[in-house]
């Protein structure tokens, strides 16, 4: 999955698709991996690290009711995060990620390694929310989640373009 950042950026440049993203558990790793690719400034509009519930509510407009009822690590929160990102006019594709990277913070219902990835492509008006469970230490989980978000973004866009 390592070279999917380059593939994603190239695909977006060729098809004039601007992207944005919101990261929680990955803490900026997705943005970093994309920014490593030459030419990314042509399509990458912004990335937000919204780690706390307050930042998810204030910056991304995730309703407090969703955060209170389902929690920060939920398909509902991931879905709301990507929906709000998709409202930016100059952006055609949005992605968001929220999860439990550990080593603490896991519960029986939301164990360490649980991550929700969400994606939205404006042209097709289709939203995707994918639940994944990663194994490993904190850095492994964060890195695997970042790589998967990039890989899945490429797969989604490749399938609809």
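Residue numbers (my numbering): 51 to 211.
Yeah, the Cβ is synthetic: ideal placement off N, Cα and C, and Gly gets one too.
Note that the coordinates shown come from a computational prediction; the quantities given were computed from them, not determined experimentally.
Can you list, in chain order, the residues of its chain with a C-beta nearer than 8 Å to that of residue i? Leave out the 5 residues immediately preceding and following it.
i	result
residue 207	58, 61, 62, 65, 67, 143, 171
In whole angstroms, give me the CA-to-CA distance for residue i and residue j.
i	j	result
residue 184	residue 138	31 Å
residue 69	residue 145	8 Å
residue 197	residue 168	14 Å
residue 175	residue 210	11 Å
Run through DSSP, which three-state label would residue i get?
i	result
residue 115	helix
residue 204	helix
residue 73	strand
residue 180	strand
residue 92	helix
Relative to the C-alpha of residue i, which residue among the options is closest?
i	options	result
residue 117	154, 103, 145, 108	103
residue 205	178, 70, 71, 122	178
residue 164	188, 173, 175	188
Who are the Cβ neighbours of residue i in its own chain at under 6 Å, not counting the five residues just before and after it?
i	result
residue 181	166
residue 152	162, 188
Rounded C-beta distance between residue i and residue j? I'm assuming under 8 Å.
i	j	result
residue 71	residue 89	So it is not a contact: roughly 17 Å between Cβ atoms.
residue 80	residue 94	Incorrect: roughly 10 Å between the Cβ atoms, too far for contact.
residue 75	residue 132	About 15 Å separates the two Cβ atoms, so there is no contact after all.
Here's a check: name, in chain order, each residue in its chain whose Cβ is nearer than 7 Å to the Cβ of residue i, leaving out the five neighbours to either side.
i	result
residue 125	166, 179, 181
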